[in-house]
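Below: the structure, in structure tokens.
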Amino acid sequence: MTVTLPAAITPSPAFQAVPGQRIDPELARSWLLVNAAQPERFQPAEDSAADIVILDIEDAVAPKDKDRARADAVAWLTSGHTGWVRLNGYGSRWWEEDVEALATALPAHLGGPVAEGGLAGVVLAMVESTDHVNETARRLPGVPVVA
1 MTVTLPAAIT PSPAFQAVPG QRIDPELARS WLLVNAAQPE RFQPAEDSAA DIVILDIEDA
61 VAPKDKDRAR ADAVAWLTSG HTGWVRLNGY GSRWWEEDVE ALATALPAHL GGPVAEGGLA
121 GVVLAMVEST DHVNETARRL PGVPVVA
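Under my numbering, the first residue of the sequence shown is numbered 1, with each subsequent residue one higher.
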């Protein structure tokens with residue numbers, strides 16, 4: 001018996017499974033959020049059965065740890081690993097720094113400097129307007145955005 005998926009749920013032909021993102025995000029069943037201030041948890045998360053791993057630099061991270069968590073997330077993504085990142089809110093003092101730092105983790109196929117691995121997508125926190133989504137997409141071109 002052959003089953004044909006409707007076009008709305010067919011995986012993107014460009015999608016390639018990698019640790020940290022095992023399935024096309026449109027079909028993902030599980031999204032594992034990991035506190036980015038605890039980098040020792042990154043590898044276990046990547047090794048888990050989660051479809052998508054999200055390094056959370058927003059809600060899970062205390063204000064005093066935001067800079068370190070952001071740096072740890074970028075270091076992970078630029079060292080051959082793939083993952084998503086949950087950004088701080090658009091109106092927060094950290095959003096701008098989050099986006100600037102993550103631009104250095106863009107994969108080569110999106111015109112970024114990372115040859116292997118890199119930023120797979122971003123999750124936006126506390127979205128209050130389309131400006132947040134549009135500005136994030138403008139600054140991280142080609143990166144999937146979940147709001």
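Don't be surprised by glycine CBs; every beta carbon is placed ideally from N, CA and C.
Ordered list of alpha helix (DSSP H) runs contained in the region 43-95, each at least 4 residues: 66-77
N- and C-terminal bounds of the beta strand (DSSP E) containing Ala120: What you label residue 120 is simply residue 120 of the sequence shown in a count that begins at 1. Unbroken beta strand (DSSP E) run through Ala120: Gly118 to Val123.
Meets three-Cβ-pair contact criterion under 8 angstroms: the region 85-96 and the region 48-58: yes
Proximity test, Cβ basis, 8 angstroms: Ala147 and chain C: Among the chains of the structure shown, chain C does not appear; only one protein chain is present.
Beta-carbon proximity check, Val123 vs Thr136, cutoff 8 angstroms: Here residue 123 refers to the residue found at position 123 when the sequence shown is read from its first residue. Here residue 136 refers to the residue found at position 136 when the sequence shown is read from its first residue. The answer is no: Cβ separation not under 8 angstroms.
Cβ pair Leu119, Val143 closer than 8 angstroms: Counted from its first residue, the sequence shown places residue 119 at position 119. Counted from its first residue, the sequence shown places residue 143 at position 143. In contact: Leu119 and Val143 (Cβ atoms closer than 8 angstroms).
Where Val99 falls: helix, strand or coil (DSSP): Counted from its first residue, the sequence shown places residue 99 at position 99. Correct three-state label for Val99: helix.
Alpha-carbon to alpha-carbon, Glu96 and Lys53: Counting from one through the sequence shown, the residue named residue 53 turns up at place 53. Counting from one through the sequence shown, the residue named residue 96 turns up at place 96. The sequence shown places Val at residue 53, rather than the Lys named in the question. Taking the straight line joining both Cα atoms gives about 22 angstroms.
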